[in-house]
Each structure stands twice: as C-alpha cells, then as structure tokens.
Amino acid sequence: MTVVDNLSLPVTDVELAYAGALERDAAQLRRIVDLLLRVDVDDPLLLDVADELDVLSEHLENPTRTVTETIRNPGWRHDPVSGVENAIAPPIVLEAGPDGTLTAEVEFGLPYQGPNSFVHGGISAMVMDHVLSVATAPNGGTIFTAQLTVRYHRPLPLFVPVAVVARLKEREGRKLWATGEIVVDGKVAVSAEGLFIEPRPTPAQAPVGSDGREDS
Amino acid sequence: MITWKIPETRKDLSRFYTGEEECLTALPGESRLDDTAGQLRRIVEALSLTNPDADHLPSLTEQLRGIADELEARTESPSERLTEMWEGDGVARHDPVTGPENTLAPPLVMHVVEDGWVEGEVTLGLPYQGPPAAVHGGVCAALLDAALAVANHRAGNNGMTAKLEISYRRPTPLYRPITVRAKQLRYEGRKRFTIGELVANGEVCASAEGLFIARRTPSGTDG
Chain A
13 MTVVDNLSLP VTDVELAYAG ALERDAAQLR RIVDLLLRVD VDDPLLLDVA
63 DELDVLSEHL ENPTRTVTET IRNPGWRHDP VSGVENAIAP PIVLEAGPDG
113 TLTAEVEFGL PYQGPNSFVH GGISAMVMDH VLSVATAPNG GTIFTAQLTV
163 RYHRPLPLFV PVAVVARLKE REGRKLWATG EIVVDGKVAV SAEGLFIEPR
213 PTPAQAPVGS DGREDS
Chain B
3 MITWKIPETR KDLSRFYTGE EECLTALPGE SRLDDTAGQL RRIVEALSLT
53 NPDADHLPSL TEQLRGIADE LEARTESPSE RLTEMWEGDG VARHDPVTGP
103 ENTLAPPLVM HVVEDGWVEG EVTLGLPYQG PPAAVHGGVC AALLDAALAV
153 ANHRAGNNGM TAKLEISYRR PTPLYRPITV RAKQLRYEGR KRFTIGELVA
203 NGEVCASAEG LFIARRTPSG TDG
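Same order as they appear, the protein sequences are chains A and B. Using the numbering used here, the letters of the first sequence correspond one by one to residues 13 to 228. Using the numbering used here, the letters of the second sequence correspond one by one to residues 3 to 225.
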C-alpha cells in the first residue's frame with residue numbers, strides 16, 4: 013500500500029526540518045485538544061495552561077508571515093482532515109490499494125463528538141468530503157467540491173476503530189465523481205458520493221496549484 | 003463501544019426556542035476552559051502562519067509535551083467524562099462546531115432571526131483551509147450540518163442527520179466574515195426537512211438540504 017497523503021513532501025533541508033517541527037508540534041497540540049475535553053472544566057491548571065500557550069503564541073507571532081504570503085504558499089500536509097501538521101485534523105492518513113481504492117483506519121475521540129458518545133454528523137461529512145476529494149486528486153492537485161451527498165445509516169461510535177474508504181468512480185473532462193464509506197464492525201455507518209471539479213489550468217493559477225497538497 | 007452511564011437529565015447540543023432566547027448555542031467566555039481553548043486555537047493558527055526559516059524553526063514540541071503531560075495527569079476516563087459533560091440542563095459546550103470548549107470549533111454562535119431562520123457569523127483562518135485561500139469543503143459541510151441542527155432546535159424538534167446534500171457554488175473565502183444561516187422547512191412524523199447556506203461578500207458560497215430523523219426513546223422522540 014502507498015500512503016497517498018504525503019506525496020508533496022518538502023524538498024529542501026530547511027523545508028524538511030520545518031515540516032518535521034510542525035508535525036511534532038501538531039502531534040502535541042492534538043493531544044492538548046483532546047485532553048482539554050477530559051479535565052474538569054474548572055481545573056485551576058487551565059489558567060496556567062492558558063498563560064503558557066499565550067507566551068508560546070507570542071513567540072510564534074513575532075515575527076509573523078502575512079496571511080497573503082501564507083496563502084500563496086500554503087505549504088504541505090496542512091488540511092483539517094489529513095494534515096499531520098494541523099492539530100485539528102484527526103489526522104486521517106490514506107493508503108492506496110492496488111485497484112486505487114483509498115483506505116484509512118481512525119478512531120474518533122471526544123473532540124469529534126456530536127450526539128452523546130457518537131461522532132458528529134458534520135465531522136463525518138467533513139471526512140467524506142476530504143477523502144473523496146483525495147480519490148479525485150491523489151497527486152495533490154487543487155480540486156473543488158461541486159456537490160456532496162452524505163447518507164447516515166447508523167450512528168458512528170467514538171472510541172472504536174473505523175475504516176474510511178474512498179474511490180474514484182468516473183471522470184469526464186474536468187468533472188470527477190467519487191464515492192466512499194465509513195465502516196464500523198463491517199457495517200456501513202456513513203456513505204457518500206461527490207462531484208468534484210478540477211480548476212481550469214491558467215497561467216495565474218499554475219504556480220499556486222503546483223506547490224502543495226490541496227483539496228477541497 | 004464505550005460503556006458509560008447516561009445521565010437522567012441530559013444537555014442538548016443547542017437550545018430549544020421558547021420565544022425568548024436570542025442565542026441558541028453555548029455563549030463563549032462562560033468557563034475557564036473557554037479561555038484555554040481560545041489560546042489553543044490561537045497557537046494552532048500562529049503555527050500555520052510561521053515560515054520555513056532555518057534560524058527560527060517553530061520547535062515548541064517539548065513545551066507542548068510538558069503541558070500535555072500535566073493535563074494528562076489530571077484527566078478522568080472517557081466514560082466518566084462522557085457522563086459529566088452531558089449531565090444537567092441546558093446546552094452542551096463541547097460541540098466541534100459550536101462548542102466554546104472545543105478547540106476544533108471556531109466556535110459558531112447562532113442567533114434567532116426572523117421567519118424561523120437561525121444565523122451566525124464566523125471568520126476562518128488557515129487551519130480550516132482546503133484549496134488556496136478557501137475554506138475546506140468538508141469544513142463547509144460541518145458548519146452547515148451543525149447550523150441545520152440548531153435550526154431544528156429553534157423549530158422545537160430535532161433529530162439525527164439522515165441525509166445531507168451540499169451544493170458548492172463558489173469557494174468560501176478564508177479571512178472574510180461568513181454568514182451561516184439555516185431554517186427548518188417542515189416535519190412529518192419523525193422526519194425533519196431543513197435547509198441552510200453559507201454567504202460571504204453577499205453571495206451564496208454553499209447551500210445544504212438536510213433530512214433529520216428523531217430518535218425513538220422510551221419517553222417519546224428526541225434528538
């Protein structure tokens with residue numbers, strides 16, 4: 013199996029070191045995202061944590077890159093679903109099988125909760141949108157969702173390993189159709205189909221679309 | 003599946019409308035955890051705005067690990083926390099879209115507006131990016147699903163999402179105010195039909211149609 017979500021790996025030594033630092037930081041931040049929902053809401057330690065984070069942010073924000081600069085150079089592996097550098101991503105790292113089907117295993121914790129002890133319907137939709145988009149653009153090109161339909165067959169429990177699956181169904185010019193499921197205990201809990209559109213290649217778009225893993 | 007004790011009185015994800023409430027979601031700034039989650043959101047975004055600069059690599063791993071370890075020593079088991087976080091009246095504060103205690107949530111605060119609509123405004127930064135300068139399509143879907151659920155509460159009857167259909171008209175911009183609005187159109191038995199949209203710069207970026215089904219419970223139907 014080939015991991016499909018880390019294709020646009022950094023190339024220079026500085027970029028490689030930067031990506032490594034971001035990934036390690038994100039892993040610890042992701043722990044904190046989860047742990048904040050597991051401590052008492054009035055724990056006095058929360059005040060210290062807020063202060064410590066404040067100091068760290070201050071350090072990061074000085075000097076800072078402008079937003080425009082960052083958007084023009086979005087970096088790698090940053091998206092909110094698969095992005096190992098993004099603390100809000102579970103992250104879902106997809107692998108491609110011989111027939112092109114993408115799969116990942118993930119276990120959702122408290123930050124992804126909607127109804128009690130179940131995954132939020134919006135989170136399932138977010139995951140489906142993302143993995144379908146990766147199925148349409150496995151090499152990391154920019155792709156836009158045009159239409160997404162998500163069906164919820166049974167509640168998706170937290171704290172159990174679930175399988176996320178996606179595949180490309182059809183392509184017609186710049187239109188691509190993909191389908192996918194979230195499966196728990198061999199049963200489909202969520203299924204989805206989506207229509208995705210590749211942007212028209214233009215001289216202005218080419219440099220932006222080619223320097224990172226994008227998806228919609 | 004996790005075993006936990008479901009409390010007798012359970013919070014809801016948003017408020018049912020009795021004609022007086024203006025805000026249907028949890029108000030940020032009411033707990034100590036809200037501020038800490040706010041600081042965590044800030045650092046997640048600050049990290050996304052750093053540069054690959056050899057002299058200033060954002061290596062905060064050890065400090066962050068220290069914070070995480072300290073917190074970890076004070077946690078309860080997920081089953082205990084589940085019971086605690088749902089116990090009581092009112093509105094839960096940990097939702098991944100509207101919950102001020104959840105770092106994942108922007109958070110989206112939704113108000114009652116006229117004609118059965120609910121509305122809120124959010125501005126999203128780089129952690130929510132999909133295509134360059136645009137909000138991730140999945141994040142749009144999550145915002146819409148949550149907004150439709152709030153609209154169901156406003157209408158007085160909620161349910162679990164059964165089907166969500168989203169049409170993306172144009173990219174939803176990052177760093178611009180996005181209006182998130184939703185309304186329940188009608189219900190039939192346990193089915194609720196609800197719509198919503200994301201509007202930025204006066205234009206609809208994405209629209210949603212949702213079908214929700216009320217859960218069967220011993221005491222009637224409930225979401």
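Don't be surprised by glycine CBs; every beta carbon is placed ideally from N, CA and C.
- Query: So, helix, strand or coil for residue 63/B, using DSSP?
  - Reply: helix
- Task: Please name the residue, chosen from 202/B, 206/B, 39/B and 196/B, that lies closest to residue 120/B on a Cα-to-Cα basis.
- Result: 196/B
- Would you mind stating whether residue 191/A and residue 210/A have Cβ atoms separated by less than 7 Å? no
- Under 9 Å (Cβ pairs) to chain B, residues found in the segment 146-159 of chain A: 154, 155, 156, 157, 158 and 159
- residue 202/B: first and last residue of the uninterrupted beta strand (DSSP E) it sits in: 193-202
- Quick one: what's got a C-beta closer than 8 Å to residue 63/A's C-beta in the same chain, skipping five residues either side? none
- Query: Where do the N-terminal and C-terminal ends of the beta strand (DSSP E) with residue 108/B fall, by residue?
  - Reply: Segment: none, residue 108/B is in no beta strand (DSSP E) and carries neither H nor E.
- Using a Cβ-Cβ cut-off of less than 7 Å, give me the residues of the segment 111-134 of chain B that come near chain A, in sequence order. 128, 129, 130, 131, 132, 133 and 134
- Would you check if the distance between the CB atom of residue 180/A and the CB atom of residue 158/A is smaller than 7 Å? no
- Could you tell me whether the Cβ of residue 37/A comes closer than 7 Å to any Cβ of chain B? With its beta carbon less than 7 Å from one in chain B, residue 37/A belongs to the interface.
- Item | Integer-rounded CB distance, given that residue 60/B should sit under 8 Å from residue 49/B | 6 Å
- By how many angstroms is the C-alpha of residue 54/B removed from the C-alpha of residue 7/B? 48 Å
- One or two residues paired with residue 196/A in a DSSP bridge: According to DSSP, which records beta bridges pairwise, residue 196/A is partnered with 199/A.
- Query: Who are the neighbours of residue 2/B on chain A, taking C-beta pairs under 8 Å?
  - Reply: Since the first residue shown for chain B is 3 and the last is 225, residue 2/B is missing from the structure and cannot be characterised.
- Query: Using the rule of at least 16 other Cβ atoms within 10 Å of the residue's Cβ for burial, across every protein chain shown, is residue 75/B buried or exposed?
  - Reply: exposed
- Starting from residue 190/B and walking both ways along the beta strand (DSSP E), at which residues does that stretch end? 180-190
- Task: To the nearest angstrom, report how far apart residue 21/B and residue 157/B are at their CA atoms.
- Result: Rounded to the nearest angstrom, the two C-alpha atoms are 11 Å apart.
- Message: Rounded to the nearest angstrom, what separates residue 118/A and residue 171/A at their Cα positions?
- Response: 9 Å
- Message: Restricting to runs no shorter than 3 residues, where is the beta strand (DSSP E) found entirely within the segment 17-59 of chain B?
- Response: none
- Item | N- and C-terminal bounds of the alpha helix (DSSP H) containing residue 137/B | First-last for residue 137/B: undefined, no H or E at that position.
- Task: Return the chain-ordered ranges of every beta strand (DSSP E) run that is complete within the segment 82-161 of chain B and spans a minimum of 3 residues.
- Result: 119-124
- Query: For residue 114/A, which three-state DSSP category applies?
  - Reply: strand
- To the nearest whole angstrom, what separates the beta carbons of residue 174/B and residue 212/B, a pair I think is in contact under 8 Å? With a Cβ gap of about 18 Å, residue 174/B and residue 212/B do not count as contacting.
- Item | The alpha helix (DSSP H) enclosing residue 135/A, as first and last residue numbers | Looking at the DSSP string, the run of the alpha helix (DSSP H) that includes residue 135/A is 133-148.
- Check whether the segment 33-42 of chain B touches the segment 25-36 of chain A, counting contact only when three or more Cβ pairs, one atom from each stretch, lie closer than 8 Å. no
- Query: Does residue 74/B have its Cβ less than 7 Å from a Cβ in chain A?
  - Reply: So, interface residue.
- Any beta-carbon of chain B closer than 7 Å to the one on residue 141/A? yes
- Query: Closest Cβ-Cβ distance between residue 188/A and chain B: below 7 Å?
  - Reply: no
- Item | Rounded straight-line distance, which links the Cα of residue 150/A to that of residue 112/A | 9 Å
- Can you find a CB in chain B that lies within less than 7 Å of the CB of residue 203/A? no
- Message: According to DSSP, is residue 86/A part of a helix, a strand, or is it coil?
- Response: Because the pLDDT of residue 86/A is 46, which lies under 50, any placement of that residue in the model is unreliable, and the question is left without a value.
- Message: Quick test of your reading: residue 137/B and residue 128/B, contact by CB under 8 Å. State the CB separation rounded to the nearest angstrom.
- Response: About 10 Å separates the two Cβ atoms, so there is no contact after all.
- Query: In whole angstroms, what separates the C-alpha of residue 66/B from that of residue 188/B?
  - Reply: C-alpha separation (whole angstroms): 48 Å.
- Item | Helix, strand or coil at residue 173/A according to DSSP, with G and I counted as helix | strand
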